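Novice: Heads up: the sequence shown begins at 1 in my numbering, then just goes up one per residue.
Virtual Cβ for every residue (Gly too), placed ideally from N, Cα, C.
Since this is a predicted model, take the numbers as computed values, not measurements.
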Amino acid sequence: MSLRIKFNLVLAAVLLLAAAGAGWYVHRFLEETAIEEVRHNSQVMMHTAMAIRDYTTESVKPHLDPMLAERFLPQTVPAYAATETLRRLQARFPGYEYKEAVLNPTNPRDKANEWEEKVVQGFREGRTPLQQEVSGVVGEGVHRAMYVARPITIKQQQCLACHSTPDIAPPSMLQVYGDKNGFGWKLNETVGIQVVKVPMFYPLEKARQTFYTVMGALLASFLLLFAVLNLSLSSLVIEPMARLNRKLEDLATKDFLTDLVNRRRFFERLESEMAETRIRKGHLSVVIFDIDFFKRINDTFGHDSGDVVLKKTALRVRELLRSSDCAARFGGEEFILLLKETPVEAAMAIAEAVRARIAGTPFDAVGHVSASFGVATWNHEEDSHALIKRADTALYQAKASGRNCVVRAQDAA
Ligand SMILES: Nc1nc2c(ncn2[C@@H]2O[C@H](COP(=O)(O)OP(=O)(O)OP(=O)(O)O)[C@@H](O)[C@H]2O)c(=O)[nH]1
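1. Where does the unbroken beta strand (DSSP E) through S372 begin, and where does it stop?
2. Taking the C-alpha atoms as reference points, what is the distance between D255 and R269?
3. Comparing alpha-carbon positions, which option in E140, I152 and G141 lies nearest V119?
4. Straight-line CA distance for R296 to K6?
5. Taking the C-alpha atoms as reference points, what is the distance between S235 and F267?
6. I think F301 touches V366, with their Cβ atoms under 8 Å apart; what is that distance to the nearest whole Å?
7. Kindly indicate which residue of P203, P105 and D292 has the alpha-carbon position closest to the one of A145.
8. Buried or exposed, going by whether 16 or more other CB atoms sit within 10 Å of the CB of S372?
9. Verify the contact flag: L257, CB atom, against every heavy atom of ligand 1, threshold strictly below 7 Å.
10. If you check the beta carbons only, do A409 and A391 fall under 8 Å apart?
11. How would you call M59, buried or exposed, if buried means at least 16 neighbouring beta carbons within 10 angstroms?
12. Could you check if M173 is buried or exposed, using at least 16 other CB atoms within 10 Å of its CB as the buried criterion?
13. Pick helix, strand or coil for R280, following the three-state DSSP scheme.
14. Does ligand 3 have even one heavy atom less than 7 Å from the beta-carbon of I291?
15. Name the DSSP beta bridge partners of G331, please?
16. Beta carbon of F294: closer than 7 Å to some heavy atom of ligand 1?
17. Can you tell me whether G332 is buried or exposed? The criterion is at least 16 other CB atoms within 10 Å of its CB, across all chains shown.
18. As a quick exercise: from Y98, G402 and L130, pick the residue whose alpha carbon is nearest that of R414.
19. Could you tell me which of I388, S221, T190 and R329 sits nearest to K312, measuring between CA atoms?
20. Given 8 Å as the limit, is there contact between the stretch 30-47 and the stretch 223-243, that is, 3 or more CB pairs closer than that?
21. Which same chain residues, not among the five before or five after V369, have their C-beta less than 8 Å away from its C-beta?
22. Output needed for G95: all residues of its chain with C-beta closer than 7 Å, excluding positions within five of it in sequence on either side, in chain order.
23. Going by DSSP, which residues form a beta bridge with Q194?
24. For E341, tell me which candidate among L3, I279, K399 and E205 has the shortest Cα-Cα distance.
25. Is H303 near ligand 1, in the sense that its beta carbon is under 7 Å from a heavy atom of that ligand?
26. Measure the alpha-carbon distance for H283 versus P343 and round it to whole angstroms.
27. For my contact list, P105 and G182 are in at a C-beta cut-off of 8 Å; report their separation, rounded to the angstrom.
28. Is the beta carbon of N230 within less than 7 Å of some heavy atom of ligand 1?
29. Does the beta-carbon of Y80 have 16 or more other beta-carbons within 10 angstroms, so that it is buried, or is it exposed?
30. Applying the 10 Å Cβ sphere with the 16-neighbour rule, what's the burial state of Q194?
31. Put P199 into one of helix, strand or coil per three-state DSSP.
Shown next, in the form of structure tokens:
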């Protein structure tokens, strides 16, 4: 697995983990904040209702009580005042609700529904302590709301003036509401609840949208980080390492004077080509050649001129070879060619062409140079050393028979 893939896998795992952790935390935080906001609003609403009730009891009722003998004014009833005031608020903020839900109300509008009755019974039967308020969630989807309920317990004797029996109730009230409902209340009895409902859908929806925005921004930052780290990895690590690797590879496999491959790499290529040729049942030949009287060139023109001859020889060889062939400096002034898919006649022809190319054109400063060649074709049985040995023996014969010629190797014994 490449360094880049490993790095990206680790980075992706870390970023995914970070995104999951941050996502979980942000989601929880935003949802809790939204619920806290709803809870706060429900408290504000409940305390507003209490404030209206207190204000009505203390500052409105005493002024209007004298008129009670002539006409019943529901505005003197704290529950009515709170309900009516907050109903106006509801017109402006839909979903916000306030109700004084009573089991046996004077005004039928205040009759507790099934759910509210259960909450009232919870207080009446002591399952919920009277000092406590209860809260929870009701409804689904857009109608989901948080409710807060407080018990309405008769604490003041004066309440019973209107709610104990019709006999002592103000006649003007009986004229409006009749004598059937809202009686029989007792001191310290819990007769109903104050219920506030605050919509949850919009704060939660806002939290959800904020969550997506934050996660989108986080994802964009992570992608940017991913890209920047990858670019940095390429320019600071991978490319310098690749350059270094190429240099090391060159050092290990190339001959620096001629730029041909070295003996070690040649053997590697030969072994792998032999394996392929065996599978294809094809032909493979090698040509070894050695520059004639090279010592004399060195001695006559100097070592540097000898080097130039080696370099130029390599260039002339390259010009004649196919890209699938391989030319190597085998050592000193000796070269070797690997010819793929080449039977012996073709190999002889290529060797002859190389010989003619070297001998045909004089080299700068040193003049005419020739080389002697040995050609061997692989018989699919011998190993690489045996094959090269046969080619080398043919080269020796070429030297012995006057140089500047090509000799075909004996078939393997
Ligand atoms: N300039 C130069 N000379 C080298 C290099 N490597 C080997 N030689 C020289 O090549 C010469 C080879 O000489 P010999 O082995 O006697 O062969 P030769 O003179 O070519 O004679 P024959 O092969 O019999 O034709 C030696 O003088 C080596 O020092 C090299 O990299 N550069």
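Specialist: Taking the geometry as given:
1. A371 to T377
2. 15 Å
3. I152
4. 57 Å
5. 35 Å
6. 5 Å
7. P203
8. buried
9. yes
10. yes
11. The sequence shown places Ser at residue 59, rather than the Met named in the question. Exposed, because fewer than 16 other Cβ atoms sit within 10 Å of the Cβ of S59.
12. buried
13. helix
14. The model depicted lacks ligand 3 and carries ligand 1 instead.
15. E334
16. yes
17. exposed
18. Residue 414 lies beyond the residue range present for the chain, which begins at 1 and ends at 413; the question has no answer from this structure.
19. R329
20. no
21. I291, D292, I297, V309, T313, I358, A359, P362 and F363
22. A145 and P199
23. E100 and R150
24. I279
25. yes
26. 5 Å
27. 6 Å
28. no
29. buried
30. buried
31. strand
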